[in-house]
Amino acid sequence: MRPDHRKLSRLLPVLALLALILLSACQVSIGGWMFQQTGEEELPGQVRGLLQRGTDFLHPRPHTADYEPMPHAGVSPFGINVFLNQEVEEEKRDRSLKMIADAGFHWVRQEFPWEDIEIHGKGDFVDRRNDLDGDGEVDPIDAWAKYDNIVDLAEDHDLDLIVRLSNPPAWTRALTDTVGAYAPPDDLRDWGDYVHAVVSRYEGRIRYYQLWNEPNVYPEWGEQPVDPEGYTELLCEGYRRAKEADPEAVVISGALAPTVDLHLAGPGRGMNEFVFLQRMYDAGAGDCFDIMSLNDYMLWSGPTDRRMRPLNINFSRPRYVRDIMVANGDADKSIWIGEMNSNAVPNDPNIAGLGAYGQVTLEEQARYAPLAYQRIQEEWPWIGVANFWFFKRPDDREANQAMYYFRMVEPDFTPMPVYGAMRQYATTMAPTLYPGAHQEDHWALVYDEGWERVGGQAEETGYRTATAPGATLHFTFEGAALELVPGPGTGEMEVLVDGGAARRISLEGQPVRLLNGWRQNRHEIRLRASEGQVSVDQLVVRRPWRPSRTLVMGVVGSALAVAWLLSCVLRQR
């Protein structure tokens, strides 16, 4: 009896689909599982995404060194970009920061444009551009005043500033702005003096400074080819002068823009961020920043897109940047995301750039942002802050441009759905240690008053020690196993897991396993000092062993491809 090829051809796709369902046995729906793998909302995109995921094993897997301890990673991840310098009224600046703090954000990324502070010439910090009283005469004002006010207001709302330094004034270039308003200065010593002036003015009040923005794309380097070696010189000069002004200042590299542009020269063009970064390292940039930065948008797929395709832009690109850092000896440095969001632009053909940043609904934008922050915390222990792009513009003059629709709040302070979603997420979530190595100052760790910090001033050299028996540390972790790396000395402490009975362990300056398991679970931990020297240097959360996602998706993608091809062949018979 000959087989019925037509029936078999119809059966093969069903069998492939059944295989997917079995692989997702614990998931609510196959569509939800496929979204978790591809970030695609519609079935055709999800199927295509799974096929592409199935080829990930053909590419080298990024080495991200997830268990490497590092400073500046265990901080609150909630940051947001603002344009407070463009708000004329102080009341609007204050209202903005109040809404931001109420939504659970901790960090505010604000530019201090060089062209708006040292405006008219070297060492001239007086603004003589405006007739404020309408009498026909220029009214000079202190150019620092607006920025002093921003710093004051941020402190009032318990928000930390990430200050971006960029945008040289025209006087710093012989060709003024004819070479581009963002072009670097002719003399890097002028740039260094400006960095020094800002950092010294706010010493002890602002700690984090970002030097430049998106130096690998047009027009952020002016009307000239982007130049990784030139940017490295600028970065190193700024780093040196910032540290002179305040040794405690933390320097963040200019956020690299995601781009697949492989043109390595020519004005009006960018350079792939991976190529740009490697050339920065080759030029010596590794000695000139404390934190790496990049921008990570959700343009054409959601934050759960796990496809690793270097020439496609998706949310997983930071893994490639981390791989380059590890390869260049910077595994002990963290990454901060300068800009992150999806674009909820209306389907209006009159909007300039419609679709240039992708297009999502307001509901999808509100759903994607919390998912993005959750993925960062669960999967990437080497990322610290992720800055949402952006809070609001001062007015709606740009409502005819696609860029405007990244906003969280309208100019009149009407919140978009994403504001409510982020407020609900950020203010109700429990800070948690996920798999990775975490320093003793991680934001999820809650110490009582019986602890003190000892060691060097740098985050990576200090540790916490109990000052008396009974000192308690409690936290939540999610993983399979938990290790404590203590500081020097010997002592004993009690460990309580999920409110259970206390278990006494000895500390002898070596890592000690506090909890062992084979499944990913969530636990509440309480550590209590008993006697001797009890200290905490690191806490390491281990993942359970499981087949890699790359292997699983290789099997799934291959099964789909084979089923598809066999169906086509059998239909021809």
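For reference, each letter of the sequence shown is one residue, going 160 to 732 in the working numbering.
All residues carry an ideal CB built from backbone N, CA and C; glycine is no exception.
At least 3 beta-carbon pairs within less than 8 Å: the stretch 208-224 vs the stretch 237-244: In short, these stretches do not touch, since the Cβ pair count stays below three.
Length of the line joining the Cα atoms of PRO327 and ARG364: If I take the Cα positions, the gap works out to 24 Å.
Of the listed residues THR520, GLU362, GLY445, VAL613, nearest to TRP459 (C-alpha basis): Nearest of THR520, GLU362, GLY445, VAL613 to TRP459, Cα basis: THR520.
THR331, buried or exposed, once every other Cβ within 10 Å from all chains shown has been counted against 16: Of the residues assessed, THR331 falls on the buried side of the cut-off, its CB having 16 or more other CB atoms within 10 angstroms.
Alpha carbon of ALA356 to alpha carbon of TYR563, nearest angstrom: ALA356 and TYR563 have their C-alpha atoms spaced approximately 33 Å apart.
Separation of GLU538 from SER183, as counted between CA atoms: The pLDDT assigned to SER183 is 45, lower than 50, so where the model puts this residue is not dependable, and the model offers no usable value.
Spatially closest choice to ASN375 from GLY351, TRP350, GLY413, by CA coordinates: Shortest Cα-Cα distance from ASN375 to any of GLY351, TRP350, GLY413 involves GLY413.
Uninterrupted alpha helix (DSSP H) stretches inside the stretch 482-549 (no shorter than 4 residues): The qualifying runs are 521-538.
Beta bridge counterpart(s) of GLY369 as assigned by DSSP: Just to set this straight, residue 369 is Gln in the shown sequence, not Gly. Paired residues: ARG323, ILE411.
Span separating the alpha-carbon of LEU470 from that of PHE433: LEU470 and PHE433 have their C-alpha atoms some 11 Å from each other.
Beta-carbon gap between TYR368 and ALA401 smaller than 8 Å: Cβ atoms of TYR368 and ALA401: closer than 8 Å.
LYS588 to GLN536 span [Cα, whole Å]: The sequence given here has Met at residue 588, not Lys. Each residue's Cα considered, the two are about 12 Å apart.
Among ALA639, HIS597, SER452, the one whose alpha carbon lies nearest that of PRO228: Nearest C-alpha to PRO228: HIS597.
PRO299, buried or exposed, once every other Cβ within 10 Å from all chains shown has been counted against 16: Result: exposed.
Residue from LEU210, ALA630, TYR353 with nearest C-alpha to ALA404: Looking from the CA of ALA404, the closest CA among LEU210, ALA630, TYR353 belongs to TYR353.
Inter-residue CB distance, PRO417 and TYR456 (contact presumed, cutoff 8 Å): Contact between PRO417 and TYR456 is confirmed by a C-beta separation of about 7 Å, below the 8 Å threshold.
Spatial distance of GLU388 from ASP441 (CA atoms): For GLU388 and ASP441, the distance between alpha carbons rounds to 8 Å.
Simplified DSSP state of LEU276, which is helix, strand or coil: Strictly speaking, residue 276 in this sequence is Ile, with Leu absent from that position. It is coil, neither helix nor strand.
Per DSSP, cross-strand counterpart(s) of MET451: Looking at the DSSP output, MET451 bridges to ILE494.
Nearest candidate by alpha-carbon position, reference CYS447, set ARG466, LEU643, LEU394: Looking at the Cα atoms, LEU394 is the closest of the given residues.
Sequence-distant residues of the same chain with beta carbon closer than 8 Å to GLU200, five excluded per side: The residues are PHE194, GLY461, GLU523.
Collapsed DSSP secondary structure at GLN697 in the structure displayed: Here DSSP, grouped into helix, strand and coil, assigns GLN697 to strand.
The stretch 494-513 contacting the stretch 243-263, beta-carbon criterion three pairs below 8 Å: Cβ pair count under 8 Å is below three, so no.
Spatial neighbours of GLY339 in its chain, beta-carbon cut-off 8 Å, leaving aside the 5 residues before and after: Answer for GLY339: PRO378, TRP380, GLY381, GLU382, GLN383, listed in chain order.
Length of the line joining the Cα atoms of PRO529 and TRP677: Cα to Cα, PRO529 sits roughly 28 Å from TRP677.
Neighbourhood of ASP554 by C-beta, 8 Å cutoff - its chain only, sequence neighbours within 5 removed: Excluding positions up to five away in sequence, the list reads PRO570.
Inter-residue spacing [alpha-carbon to alpha-carbon] between LYS305 and PRO628: One C-alpha to the other measures close to 49 Å.
DSSP three-state assignment for CYS185, whether helix, strand or coil: Here CYS185 scores only 45 on pLDDT, less than 50, and its place in the model should not be relied on; the value that follows carries that caveat. If DSSP states are grouped into helix, strand and coil, CYS185 belongs with coil.
Counted within 10 angstroms of its Cβ, other Cβ atoms place SER325 as buried (16 or more) or exposed: Buried is the label assigned to SER325, since at least 16 other Cβ atoms lie within 10 Å of its Cβ.
Which listed residue (ILE321, PRO703, THR463) has its alpha carbon closest to that of GLY190: Checking every option, the nearest Cα to that of GLY190 belongs to THR463.
Assigned exposure category for CYS185 - 16 Cβ within 10 Å defines buried: Because CYS185 carries a pLDDT of 45, less than 50, the predicted location of this residue cannot be relied on, and the following value inherits that uncertainty. Counting Cβ neighbours within 10 Å, CYS185 comes out exposed, since fewer than 16 surround it.
Residues near ALA515 by beta carbon distance below 7 Å, same chain, minus five either side: For ALA515, where only same-chain residues beyond five positions count, the Cβ hits under 7 Å are ALA561.
The stretch 574-591 in contact with the stretch 661-677 per 3-pair CB rule at 8 Å: Judged by Cβ distances under 8 Å, the stretch 574-591 makes no contact with the stretch 661-677, as fewer than three pairs qualify.
Terminal residues of the beta strand (DSSP E) in which GLY213 lies: Element bounds for GLY213: n/a, residue is neither H nor E.
Nearest neighbour of GLU396, chosen from VAL699, ASP489, ALA444 [CA to CA]: Minimum Cα-Cα distance from GLU396 among the listed residues VAL699, ASP489, ALA444 corresponds to ALA444.
Given LEU320 as reference, the closest of PHE237, SER694, GLY638 once Cα atoms are compared: Relative to LEU320, the option among PHE237, SER694, GLY638 whose CA is nearest is PHE237.
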